[in-house]
Amino acid sequence: GVEPNKPVRYSYTRQARGSWSLNWLVPIGHEKPSNIKVFIHELNAGNQLSHMSPIYTIEMGDELLAKLARDATFFVRAHESNEMQPTLAISHAGVSVVMAQTQPRRE
259 GVEPNKPVRY
269 SYTRQARGSW
279 SLNWLVPIGH
289 EKPSNIKVFI
299 HELNAGNQLS
309 HMSPIYTIEM
319 GDELLAKLAR
329 DATFFVRAHE
339 SNEMQPTLAI
349 SHAGVSVVMA
359 QTQPRRE
(Lines of atoms letter the chains of each structure in order from A and count residues from 1; the text may use other names and numbers.)
(Lines give C-alpha, C1' and ligand atoms only; values in the text may rest on other atoms or scores of the structure.)
Protein backbone atom coordinates (compact mmCIF):
# COMPACT_ATOMS: atom_id res chain seq x y z
CA GLY A 1 0.00 0.00 0.00
CA VAL A 2 0.88 3.66 -0.26
CA GLU A 3 2.08 5.39 2.89
CA PRO A 4 -0.27 8.24 3.93
CA ASN A 5 1.04 11.81 4.07
CA LYS A 6 3.81 11.16 1.53
CA PRO A 7 3.92 12.72 -1.96
CA VAL A 8 2.33 10.55 -4.64
CA ARG A 9 3.12 10.88 -8.34
CA TYR A 10 1.00 9.71 -11.25
CA SER A 11 1.58 10.22 -14.97
CA TYR A 12 -1.15 10.75 -17.56
CA THR A 13 -0.50 11.27 -21.28
CA ARG A 14 -2.93 13.73 -22.82
CA GLN A 15 -5.10 12.43 -25.63
CA ALA A 16 -5.94 15.79 -27.24
CA ARG A 17 -4.68 19.37 -27.38
CA GLY A 18 -7.66 21.25 -25.93
CA SER A 19 -8.24 22.59 -22.43
CA TRP A 20 -8.18 20.38 -19.38
CA SER A 21 -9.33 20.50 -15.77
CA LEU A 22 -8.06 18.86 -12.60
CA ASN A 23 -10.82 17.41 -10.44
CA TRP A 24 -10.79 15.80 -7.03
CA LEU A 25 -13.34 14.09 -4.82
CA VAL A 26 -13.20 13.82 -1.04
CA PRO A 27 -15.41 11.01 0.29
CA ILE A 28 -17.39 12.12 3.34
CA GLY A 29 -19.68 10.30 5.71
CA HIS A 30 -19.81 9.07 9.27
CA GLU A 31 -16.09 8.37 9.25
CA LYS A 32 -13.27 10.63 8.14
CA PRO A 33 -12.12 10.03 4.57
CA SER A 34 -9.14 7.73 4.13
CA ASN A 35 -8.28 8.98 0.64
CA ILE A 36 -9.10 11.49 -2.06
CA LYS A 37 -9.71 10.71 -5.72
CA VAL A 38 -8.05 12.83 -8.43
CA PHE A 39 -8.73 12.78 -12.17
CA ILE A 40 -8.25 14.93 -15.27
CA HIS A 41 -10.93 15.93 -17.78
CA GLU A 42 -9.86 16.94 -21.27
CA LEU A 43 -12.20 19.33 -23.08
CA ASN A 44 -12.69 19.88 -26.80
CA ALA A 45 -13.15 23.23 -28.57
CA GLY A 46 -16.81 23.26 -27.52
CA ASN A 47 -15.82 22.81 -23.85
CA GLN A 48 -17.29 19.32 -23.84
CA LEU A 49 -15.60 16.33 -22.21
CA SER A 50 -13.50 14.50 -24.79
CA HIS A 51 -11.27 12.29 -22.61
CA MET A 52 -10.94 11.40 -18.94
CA SER A 53 -7.89 10.08 -17.13
CA PRO A 54 -8.02 7.10 -14.81
CA ILE A 55 -9.14 7.98 -11.28
CA TYR A 56 -6.05 8.19 -9.08
CA THR A 57 -6.14 7.60 -5.32
CA ILE A 58 -4.17 9.57 -2.74
CA GLU A 59 -4.15 7.94 0.69
CA MET A 60 -4.83 10.26 3.60
CA GLY A 61 -3.80 10.28 7.23
CA ASP A 62 -5.08 12.40 10.12
CA GLU A 63 -2.12 14.78 9.84
CA LEU A 64 -2.71 15.45 6.14
CA LEU A 65 -6.45 15.81 6.62
CA ALA A 66 -5.86 18.47 9.26
CA LYS A 67 -3.51 20.38 6.94
CA LEU A 68 -5.69 20.21 3.83
CA ALA A 69 -8.36 22.56 5.09
CA ARG A 70 -5.70 25.07 6.13
CA ASP A 71 -3.28 25.10 3.21
CA ALA A 72 -4.32 22.74 0.44
CA THR A 73 -1.97 22.77 -2.56
CA PHE A 74 -2.03 20.71 -5.74
CA PHE A 75 0.89 20.69 -8.18
CA VAL A 76 0.55 19.70 -11.82
CA ARG A 77 3.69 19.34 -13.92
CA ALA A 78 3.16 19.40 -17.69
CA HIS A 79 5.77 17.75 -19.89
CA GLU A 80 5.71 19.34 -23.36
CA SER A 81 8.05 18.04 -26.05
CA ASN A 82 9.11 21.50 -27.26
CA GLU A 83 8.89 23.51 -24.04
CA MET A 84 10.30 23.73 -20.57
CA GLN A 85 8.50 21.76 -17.89
CA PRO A 86 6.12 24.30 -16.34
CA THR A 87 4.54 23.64 -12.97
CA LEU A 88 1.01 24.80 -12.28
CA ALA A 89 0.36 25.25 -8.58
CA ILE A 90 -3.20 25.57 -7.37
CA SER A 91 -2.86 27.02 -3.89
CA HIS A 92 -5.55 27.22 -1.25
CA ALA A 93 -7.86 25.23 -3.48
CA GLY A 94 -11.51 25.61 -2.62
CA VAL A 95 -13.53 22.59 -1.58
CA SER A 96 -17.27 22.40 -2.04
CA VAL A 97 -19.29 19.90 -0.08
CA VAL A 98 -22.26 18.18 -1.70
CA MET A 99 -24.37 16.56 0.97
CA ALA A 100 -26.33 13.46 0.03
CA GLN A 101 -29.92 13.38 1.19
CA THR A 102 -30.46 11.00 4.08
CA GLN A 103 -33.94 10.17 2.81
CA PRO A 104 -34.01 10.84 -0.94
CA ARG A 105 -37.40 10.87 -2.60
CA ARG A 106 -38.77 11.30 -6.10
CA GLU A 107 -41.70 13.55 -6.98
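Quick note: to get this note's numbering, add 258 to the position in the sequence shown (first position is 1). From the three backbone atoms N, C-alpha and C, an ideal C-beta is built for every residue, glycine too.
A straight line joining the alpha-carbon of residue 307 with that of residue 301 spans about 5 Å. Within the same chain, and ignoring the five residues on either side of residue 293 in sequence, the residues whose Cβ sits closer than 8 Å to its Cβ are 285, 315, 316, 317, 318. Between the alpha carbons of residue 270 and residue 311 lies a gap of roughly 7 Å. Counting of Cβ neighbours within 10 angstroms places residue 296 among the buried residues, the total reaching 16 or more. Judged by DSSP in its simplified three-state form, residue 302 adopts coil rather than helix or strand. When the alpha-carbon of residue 268 is set against those of 303, 305, 304, 280, the nearest one is in 280.
According to the DSSP assignment, residue 314 belongs to the beta strand (DSSP E) that extends over 314 to 317.
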